[in-house]
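*Asks:*
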Amino acid sequence: MQAETQEFDAIIVGGGPAGVSCAVWLARLGLAPLLVEAGAQIGGLCRSNPFYDEWNATLPGMTGPQVADNLALSLEQAAVPVLLSCPVKQIQRCPQGFAVTRGSGATPLVARYLVLASGVKACSLPELDRAARSSGHADRVLTGPGEHIVAHDFRDKRVAILGGGDNAFENALYALGKGASAAHIYARHVRAQQQFVRQVSPANIAIGPYKVDVQALRVNDRPYDVLLVFYGWEPCVDFADNLALDRSVRGFLDTHALTAETSCAGVYAIGEVAQRQHPCVVTALADGVTAAKAIQARIENQLDADRPIEAAVIVDNWR
Ligand SMILES: Cc1cc2nc3c(=O)[nH]c(=O)nc-3n(C[C@H](O)[C@H](O)[C@H](O)COP(=O)(O)OP(=O)(O)OC[C@H]3O[C@@H](n4cnc5c(N)ncnc54)[C@H](O)[C@@H]3O)c2cc1C
C-alpha cells in the first residue's frame, strides 16, 4: 500500500471532523498528510448522531451521517491518503519525528509532525458495566447518547437517567416523547441548559447522592426497566501515553491557544480530545485549521520542530 512507504509531513490520528479538517487543510496547503482512523468509516461521533445537526450554520438540513459522508468526500477531493480500520496502538519519538505503531507486525508509520484528533468516549463506571454484564442487563443499561438510544423501544418503560448535563435532560425528554411511562433524572448537580431543565417536572429530578442497584434495576430503591447513563466524556488518548503530554484536571490534552500544540513540540491536539472550545463539529473543524496552519508555518519557515513556535510567525502565517 502506498501509505506504508511514503514519507508524510504529518500523521493525523482520528477521522472525525477535527482530524478531517486538519488533513484537508494540510493537503490544500501543499503538504503531505496521512489520516489514520480506527473505525471502518470516516466521521467520528457524527456517525452516531442519527438526528439533524441544527448547530452548523453552513450545513442546514443534514443528519450526523450525512455530515460524516461530506467529511469523507472532502478527504477524497483533497486526495488525502487514509488508512481505515487502523487503530493506533502507540506513538514513539524517532529521529525523523514520530513513529506511529498500528497492529502487531505492521511497519510503523513515520512523520515529522503528529496531530491527535482521536476524540472522546462516553464515561461510564466500571462497576456499573460489570454489574450490567453479570446480571444479563447489558441491553438495559445504556451509556452515552446516540444510535443505541434511538434503537431502544421506550414505550411504557420506566426510565432512570443518571447524570445532570444536557445529554441527561435531552434524552429524558426523548424517552418521554417515545412513550416512556416515566423518566426520572438522578443527578449530583444539574448543569444542563435551562431550556431543557424547564421542560422536566421538578418532581422527576432527584438532586444529590443516589444509590444504583444494577442487578435489581433500581435507583434509590425505585424499580426501572432501563437505566440511561450520561456521565460526560473522556479523551481517547491512551495510545500516546509514552509522550507524557500535559493534561487538564479533567484529563483533556493541554494545548497552546494559538497553535493547538501540546506540551510536546511537534505534537498537536485538536477537537474533543483537547476540548479547547465548546465541543461540536464547527469548533472541531476550526481546531483542524489552527493545527494545519501552525504546521505549515513551521515547515515553510524552517523552524526547529523542537522549540515552541513564536506568536509573530503564527500571525504572519494567518494570511
Ligand atoms: C449523539 C450525538 C449527537 C451530536 N450532535 C451534534 C450536533 O448536532 N452538532 C454538533 O456540532 N455536534 C454534535 N455532536 C458532537 C460532535 O459529533 C463532536 O463534537 C465531534 O464529532 C467531535 O469531533 P472530533 O473530531 O474531535 O472527535 P470524534 O468525532 O470523536 O472523532 C474521533 C475519531 O478518532 C478515532 N480514533 C480514536 N482513537 C483512535 C486510535 N487509537 N487510532 C485511530 N483512530 C482513533 C475515532 O474512531 C473517531 O473516528 C454530537 C455527538 C453525539 C455523540
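For the sequence shown, position 61 matches number 134 in my numbering, and the numbering has no gaps at all.
Just so you know, even glycine gets a beta-carbon here, dropped at the ideal spot from N, CA and C.
A quick note: this is a predicted structure, and the numbers were derived from the prediction, not measured.
(1) Check this for me: beta carbons of Y304 and L198, under 8 Å apart or not?
(2) To the nearest angstrom, how far is it from the Cα of F171 to the Cα of L118?
(3) Does the beta-carbon of V322 have 16 or more other beta-carbons within 10 angstroms, so that it is buried, or is it exposed?
(4) Below 8 Å, can you find three or more Cβ-Cβ pairs linking the stretch 359-370 to the stretch 79-99?
(5) Evaluate L108 with the Cβ neighbour count: other Cβ atoms within 10 Å of its Cβ, from every protein chain shown; 16 or more gives buried, anything less gives exposed.
(6) Between the stretch 160-176 and the stretch 119-132, can you find at least three pairs of beta-carbon atoms closer than 8 Å?
(7) Taking all protein chains shown into account, do 16 or more other C-beta atoms lie within 10 angstroms of the C-beta of R349, making it buried, or fewer, making it exposed?
(8) Looking at W98 and ligand 1, is the gap between the Cβ and the nearest heavy atom below 7 Å?
(9) Checking the sheet assignment: what are the DSSP bridge partners for V109?
(10) Below 7 Å, is the gap between the Cβ of E345 and the nearest heavy atom of ligand 1?
(11) Helix, strand or coil, according to DSSP, for Y297 in the structure here?
(12) How should L156 be labelled, buried or exposed, when 16 other C-beta atoms within 10 angstroms of its C-beta is the threshold for buried?
(13) Given that a residue counts as buried once 16 or more other Cβ atoms are within 10 Å of its Cβ, and exposed if not, what is D82?
(14) If distances are taken between C-alpha atoms only, which option among A184, N277 and D226 comes closest to G237?
(15) What span of residues does the alpha helix (DSSP H) with G250 cover, start to end?
(16) Where are the alpha helix (DSSP H) runs, 4 residues long or more, that stay fully inside the stretch 120-189, in chain order?
(17) Based on Cα-Cα distance, which residue from P181, T174 and L187 lies nearest to Y341?
(18) Mind checking whether R231 and S208 have CB atoms under 8 Å apart?
(19) Got a sec: does ligand 1 put a non-hydrogen atom nearer than 7 Å to the Cβ of L107?
*Replies:* Looking at the atomic coordinates:
(1) As a first step, residue 304 must be located in the sequence shown, where it is residue number 231. As a first step, residue 198 must be located in the sequence shown, where it is residue number 125. The answer is yes: Cβ separation under 8 Å.
(2) Locating residue 171 in the sequence shown gives position 98, where the first residue counts as 1. Locating residue 118 in the sequence shown gives position 45, where the first residue counts as 1. Spanning the two alpha carbons is a distance of roughly 26 Å.
(3) On the sequence shown, position 249 is the one that residue 322 refers to. V322 sits exposed, since fewer than 16 C-beta atoms from the chains shown fall within 10 Å of its C-beta.
(4) Touching, yes.
(5) Here residue 108 is taken as the residue at index 35 of the sequence shown, counted from 1. It counts as buried.
(6) no
(7) Translated into the one-based positions of the sequence shown, residue 349 becomes position 276. By the neighbour-count criterion, in which 16 or more other beta carbons inside 10 Å mark a residue as buried, R349 falls on the buried side.
(8) As a first step, residue 98 must be located in the sequence shown, where it is residue number 25. Checking the Cβ of W98 against ligand 1 gives no.
(9) Mapped onto the sequence shown, residue 109 falls at position 36. Residue pairing by DSSP puts V109 in a beta bridge opposite V86 and L156.
(10) On the sequence shown, residue 345 is found 272 positions in, with the first residue counted as 1. Result yes, Cβ under 7 Å from ligand 1.
(11) Sequence index remark: in the sequence shown, residue 297 carries index 224 (1-based). DSSP places Y297 in coil when its eight states are reduced to three.
(12) For the purposes of this step, residue 156 is taken as the residue at position 83 of the sequence shown. L156 comes out buried.
(13) Position 9 of the sequence shown holds residue 82. Its Cβ being crowded by 16 or more others within 10 Å, D82 is buried.
(14) By one-based count along the sequence shown, residue 237 stands at place 164. For G237, the nearest C-alpha among the options comes from N277.
(15) As a first step, residue 250 must be located in the sequence shown, where it is residue number 177. Looking at the DSSP string, the run of the alpha helix (DSSP H) that includes G250 is D239 to G250.
(16) 137-150
(17) Position 268 of the sequence shown, counted from the first residue, corresponds to residue 341. Of P181, T174 and L187, the residue nearest in Cα terms is L187.
(18) The residue given as residue 231 occupies position 158 in the sequence shown. The residue given as residue 208 occupies position 135 in the sequence shown. No, the Cβ-Cβ distance between R231 and S208 is not below 8 Å.
(19) For the purposes of this step, residue 107 is taken as residue 34 along the sequence shown, with counting starting at 1. It does not: the Cβ of L107 is nowhere closer than 7 Å to a heavy atom of ligand 1.
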